[in-house]
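Here's the structure, in structure tokens; my notes come after.
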Amino acid sequence: MLGKFIAAGLIIAFMLLHLRSVEGGAAFQTLITIAKIIPFTIVIGLGIFWFKAENFAAPTTTAIGATGSFMALLAGISATSWSYTGMASICYMTGEIKNPGKTMPRALIGSCLLVLVLYTLLALVISGLMPFDKLANSETPISDALTWIPALGSTAGIFVAITAMIVILGSLSSCVMYQPRLEYAMAKDNLFFKCFGHVHPKYNTPDVSIILQGALGIFFIFVSDLTSLLGYFTLVMCFKNTLTFGSIIWCRKRDDYKPLWRTPAFGLMTTLAIASSLILVASTFVWAPIPGLICAVIVIATGLPAYAFWAKRSRQLNALS
0 MLGKFIAAGL
10 IIAFMLLHLR
20 SVEGGAAFQT
30 LITIAKIIPF
40 TIVIGLGIFW
50 FKAENFAAPT
60 TTAIGATGSF
70 MALLAGISAT
80 SWSYTGMASI
90 CYMTGEIKNP
100 GKTMPRALIG
110 SCLLVLVLYT
120 LLALVISGLM
130 PFDKLANSET
140 PISDALTWIP
150 ALGSTAGIFV
160 AITAMIVILG
170 SLSSCVMYQP
180 RLEYAMAKDN
190 LFFKCFGHVH
200 PKYNTPDVSI
210 ILQGALGIFF
220 IFVSDLTSLL
230 GYFTLVMCFK
240 NTLTFGSIIW
250 CRKRDDYKPL
260 WRTPAFGLMT
270 TLAIASSLIL
280 VASTFVWAPI
290 PGLICAVIVI
300 ATGLPAYAFW
310 AKRSRQLNAL
320 S
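Numbering (numbering that gives the first Met the number 0), first residue to last: 0 to 320.
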């Protein structure tokens, strides 16, 4: 229970931070992002000196038996897919960014490349630090692998724990920052309750949306557990991504669709995105607890009719104005 109160306290703290200042929240997010990158560079930089190529030699049959079935692999990918949602969700901030037509593509592509390089190098170093059989059977592979770096040694567990805390704080701060912008934008387009479109007269932030989102997050903390929340969030997120990817096809057919950026190989990329997202949707049912799945299905089933209602109402209001 203490952990739930700590989590609620952190939500309130970040809520106040992003409520009072757009610039202050952005500055904090920049600092904590740098703080997240530093441990990666330390591990990669030190790990190269203790890297052993022979650690990659592993019996294929043993590896398959240790890691389980292909469906278990997909379930694992599904359970961690939430960590990539920031790449798309940061687009909610586009309306507050200078020259978004050029800035957003550069930021998104640059972020993808940076994360790809860091994760690939980290996986390469971890795999080369520790014998494969020990790595495959370890319950804490990263911590155990880092103990093979003399500079870290017995402090590897503490190092990983601190890094995890920084990453979690950064993720929480970014969620509190970007998520209210979605409801704010929807309210401005008459697609959601009008109160969510309110802007604080002094701080120039979507105060009502931030406060209500924070209150909802705290409510979920106390009425559910982490695994159920993860299952709920993952299923809703993956289904939402599927609809988002599919909407690109619809947008392309509109005469008034004139984006500043067009995706290369649009048909292939959209098809792959939809297919992979649907696979993750199905994989979520393998591991997620039943209560979380039931709540997610209810939200999805009611969300689509609700959007249809708001869209119709928006068209009526626009016609009157």
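Glycine included, each C-beta is placed from N, C-alpha and C at the ideal position.
Assigned secondary structure, residue i (DSSP; H/G/I helix, E/B strand, else coil)
i	result
L292	helix
T61	With a pLDDT of only 48 at T61, under the threshold of 50, the placement of this residue in the model should not be trusted, and no figure is reported.
F192	coil
D132	helix
D143	helix
S99	Per the sequence shown, residue 99 should be read as Pro rather than Ser. In the structure shown, P99 sits in a helix (DSSP, three-state: H, G or I).
T262	coil
P200	coil
S137	coil
K257	coil
S172	helix
S110	helix
S82	helix
S313	helix
S320	coil
N-terminal and C-terminal residue of the alpha helix (DSSP H) that residue i is part of
i	result
F265	265-286
A150	Looking at the DSSP string, A150 is not in any alpha helix (DSSP H), and its letter there is neither H nor E.
H17	1-19
C250	225-251
S88	85-88
T79	69-79
I47	Taken as a continuous stretch (DSSP letters only), I47 belongs to no alpha helix (DSSP H), as it is neither H nor E.
L208	Correcting the residue identity first, residue 208 is Ser in this sequence and not Leu. Note, S208: alpha helix (DSSP H), 206-222.
Through-space distance from residue j to residue i, alpha-carbon basis
i	j	result
F13	D132	42 angstroms
L303	G44	48 angstroms
A71	L107	30 angstroms
V159	G85	22 angstroms
I11	L267	43 angstroms
V298	S223	16 angstroms
R261	C250	12 angstroms
V280	I273	10 angstroms
S153	L134	17 angstroms
I125	Y118	10 angstroms
W49	V114	23 angstroms
V42	L121	7 angstroms
A264	I248	13 angstroms
I157	L151	9 angstroms
A26	P200	21 angstroms
A52	G127	6 angstroms
T146	S68	29 angstroms
G46	S82	24 angstroms
L16	L9	11 angstroms
R312	V296	25 angstroms
F192	S20	24 angstroms
L225	A305	27 angstroms
P149	R253	60 angstroms
S80	A300	22 angstroms
G2	L181	28 angstroms
Neighbourhood of residue i by C-beta distance below 7 angstroms, restricted to the same chain and skipping five residues each side
i	result
A7	I217, I220
L277	T241
M0	none
T259	Rather than Thr, the amino acid found at residue 259 in this sequence is Leu. Cβ neighbours of L259 beyond the five flanking positions: G100.
S137	D143
T139	none
Y256	C250
C90	M103
F39	L117, L121
Cut-off 8 angstroms between Cβ atoms - residues of its own chain near residue i, not counting five sequence neighbours on either side
i	result
A87	N240, T243
Q28	G169, S172, S173, M176
V285	M70, A71, L73, A74, S77
L18	H199, Y202, T204, D206, I209, I210
Residues near residue i in its chain [Cβ-Cβ closer than 6 angstroms; skip 5 each side]
i	result
A339	Here the chain comprises residues numbered 0 to 320, so residue 339 is not present and cannot be evaluated.
T283	S77, T233, L234
W309	L190
Q212	Q178, P179
L316	N189
I96	T102
Tell me, please, whether the stretch 280-293 touches the stretch 229-246 by the rule of three or more beta-carbon pairs shorter than 8 angstroms.
-> As far as the Cβ criterion goes, the stretch 280-293 touches the stretch 229-246, which means the pair count is three or higher.
If we count Cβ pairs, one from each stretch, closer than 8 angstroms, do we get three or more for the stretch 168-186 versus the stretch 194-202?
-> The stretch 168-186, when compared against the stretch 194-202, does touch it at the 8 angstroms Cβ threshold.
Is the stretch 32-44 close to the stretch 164-184, with three or more CB pairs under 8 angstroms?
-> The stretch 32-44 is in contact with the stretch 164-184.
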